[in-house]
Amino acid sequence: MPILNNLSCPIDLAPLHRNERSLICPHGHTYDLAKSGYVNLLPVQNKRSKDPGDSKEMVAARQAFLNQQHYFPIVETILSSWPEDNLRGDLRILDAGCGEGYYLNEIGRLFTAQGIVTDRVGLDISKWAVTAASKRDKDVSWLVASNARLPMPNERFDAVLCLFGFPVFAEFSRVLSESGVLLLVESGEDHLIELRKILYPAIHEYKPTFASELADFGLISESSKRFFITLDSQEKIQQLLSMTPHMHKASYEGRELLKQHDSLTLTADIKFRWYQKKH
Ligand SMILES: C[S@@+](CC[C@H](N)C(=O)[O-])C[C@H]1O[C@@H](n2cnc3c(N)ncnc32)[C@H](O)[C@@H]1O
Ligand SMILES: [Zn+2]
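Residue numbers (numbering that gives the first Met the number 0): 0 to 278.
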């Protein structure tokens with residue numbers, strides 16, 4: 000599958016054409032490929048900050064954590080819960096908010112093993128995340144871009160994945176084909192409960208990040224997966240903390256208490272929701 004095909008100019012949504020190491024729109028907007036092969040399709044005027052999204056340090060911590068395969072059960076559940084009607088020989092997948100590319104890389108590897116060819120696009124607003132992703136897997140179109148305005152034509156994908164991310168449902172619906180599906184993955188009530196009990200004096204009542212009912216989508220299936228992860232060093236504990244919202248939410252005292260632990264066994268509790276596009 001050629002990479003960086005079938006994308007749109009983020010300024011005017013006109014089709015982009017590849018010319019050696021650039022993508023060019025008919026109105027003359029030009030986007031150069033970075034050395035590692037990704038393209039930045041986030042126009043300066045759409046940037047709310049100079050360095051949006053996850054920082055270099057957060058990306059490095061997440062990459063180190065995910066590379067230890069603690070979250071591989073999430074990959075397995077994504078594959079096993081994938082709606083059967085959606086599976087076709089050549090599957091066009093968008094990972095919207097792909098981070099450093101762990102999931103899209105693993106998903107591609109497992110689908111290839113099943114004889115399913117994938118056309119995968121991963122995008123994230125953080126250039127640090129996309130730089131890391133583009134070094135991980137050369138068979139994916141990696142883009143610095145925003146979910147707020149996806150630089151791709153209507154009905155471009157069979158599936159959109161949004162894992163622990165920031166969904167923009169109207170855009171997801173626009174880029175999905177008639178029979179397209181959306182996967183939302185988020186943490187469940189007991190996710191990392193042992194860590195939260197160390198960090199916070201009291202645990203707040205659980206509130207799902209998104210309602211099950213969405214304007215543009217109908218729910219197809221919902222499931223939860225629980226498993227345990229053991230982190231056997233303070234360094235690994237800190238890597239996990241850096242990729243969670245608790246890094247910023249927890250107090251100084253809470254973070255100091257966590258530093259006293261050299262080993263932790265934690266509950267992972269993850270929710271998976273598959274939706275189909277409403278017509
Ligand atoms: C919690 S991380 C999850 C990353 C990845 N899906 C994973 O599970 O490893 C959220 C990601 O969303 C990205 N992000 C934030 N705002 C975004 C936007 N408007 N469009 C695309 N990505 C965004 C951040 O840079 C960050 O990499
Ligand atoms: Zn243009």
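Where is the CB? At the ideal position from N, CA and C, for every residue including glycine. Just so you know, these numbers come straight off a predicted model, no measurement behind them.
In whole angstroms, give me the CA-to-CA distance for residue i and residue j.
i    : j    : result
A214 : E234 : 42 angstroms
Q113 : D84  : 16 angstroms
L162 : G187 : 13 angstroms
F64  : I77  : 19 angstroms
L183 : E177 : 18 angstroms
R87  : F165 : 27 angstroms
S7   : L103 : 21 angstroms
M246 : D136 : 28 angstroms
S48  : Y274 : 32 angstroms
L12  : H190 : 39 angstroms
Q238 : Q67  : 11 angstroms
Q44  : S145 : 12 angstroms
A158 : R195 : 33 angstroms
S232 : R108 : 30 angstroms
S80  : K55  : 32 angstroms
H69  : I228 : 6 angstroms
I73  : E185 : 11 angstroms
L160 : S250 : 32 angstroms
G179 : T111 : 20 angstroms
L15  : W127 : 24 angstroms
D138 : N4   : 12 angstroms
L27  : T243 : Note on identity: in this sequence residue 27 is Gly, with Leu being the wrong assignment. Computed Cα separation, rounded: 41 angstroms.
S35  : L122 : 15 angstroms
E99  : L230 : 21 angstroms
P82  : E75  : 14 angstroms
Flag this pair as yes or no: are the beta carbons of residue i and residue j separated by less than 8 angstroms?
i    : j    : result
F156 : I106 : no
F216 : L181 : yes
G253 : Y205 : no
S140 : I2   : yes
I124 : P51  : yes
L256 : I197 : yes
L40  : P150 : yes
L90  : V120 : no
V174 : E193 : no
S211 : R148 : no
Buried or exposed, going by whether 16 or more other CB atoms sit within 10 Å of the CB of residue i?
i    : result
Q259 : exposed
F71  : exposed
Y101 : buried
D53  : buried
L218 : exposed
K276 : buried
D94  : buried
I202 : exposed
Residues surrounding ligand 2 [beta-carbon distance to nearest heavy atom under 6 angstroms]: C8, I10, D11, A13, C24, H26 and H28
Below 5 angstroms from a heavy atom of ligand 1 - residues by beta-carbon: G52, D53, G96, G98, D123, I124, S125, A128, S145, N146, L162, F163, G164 and F165
The segment 23–34 in contact with the segment 167–186 per 3-pair CB rule at 8 angstroms: no
Are three or more beta carbon pairs between the segment 115–125 and the segment 16–26 nearer than 8 angstroms? no
Do the segment 250–268 and the segment 221–239 touch if we need at least three Cβ pairs shorter than 8 angstroms? yes
Taking 8 angstroms as the threshold, find out whether the segment 51–61 comes into contact with the segment 122–131 through three or more Cβ pairs. yes
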